[in-house]
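In my numbering, the protein residues as written are 1 to 155.
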């Protein structure tokens, strides 16, 4: 399996948008695949610390994705960088693909001198806590009760 930066492989953007749309199309923000694609292009063409990584087993097919997004939730300015869009194609779940992506995202965030990453999850709290993430609060986001979590990256 290869993990590649979408910025360096923009040809994977359509597949990545389709994967995200397939997983979350029941949410309004994810219901229109061309809009998802536009967000991916915008995020991965900027000079900011935002990025998207994708996993491909064969150099052709995107099977998973994970992003660092600036101000995914923007109501608290101190919470700048968020890990999100963590999705693995259902056929490849349970094989450690998401974990490999997440570890590379964390390593890349450290390289970019990001001091902490935030995320929210409706149902994967235990998974993230085992990896050192700390629950901060419960919130209602996009029709779901979620836990906001933080991972401190600074030494």
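We treat Cβ as the ideally placed atom computed from N, Cα and C, and that holds for glycine.
Whether residue i touches residue j by CB criterion (7 Å)
i	j	result
residue 23	residue 87	yes
residue 44	residue 35	no
residue 68	residue 4	no
Range of the contiguous alpha helix (DSSP H) that encloses residue i
i	result
residue 71	Element bounds for residue 71: n/a, residue is neither H nor E.
residue 2	Note, residue 2: premise wrong, no alpha helix (DSSP H); beta strand (DSSP E) at 2-5.
residue 24	13-24
residue 9	Here residue 9 belongs to no alpha helix (DSSP H), and DSSP marks it neither H nor E.
residue 33	33-43
Enclosing beta strand (DSSP E) for residue i [first to last residue]
i	result
residue 141	134-141
residue 55	51-56
residue 151	144-152
Counted within 10 angstroms of its Cβ, other Cβ atoms place residue i as buried (16 or more) or exposed
i	result
residue 16	buried
residue 131	exposed
residue 84	buried
residue 102	buried
At 3 residues or longer, and completely inside the segment 61-135: list those beta strand (DSSP E) runs for me, N to C.
64-70, 81-88 and 116-121
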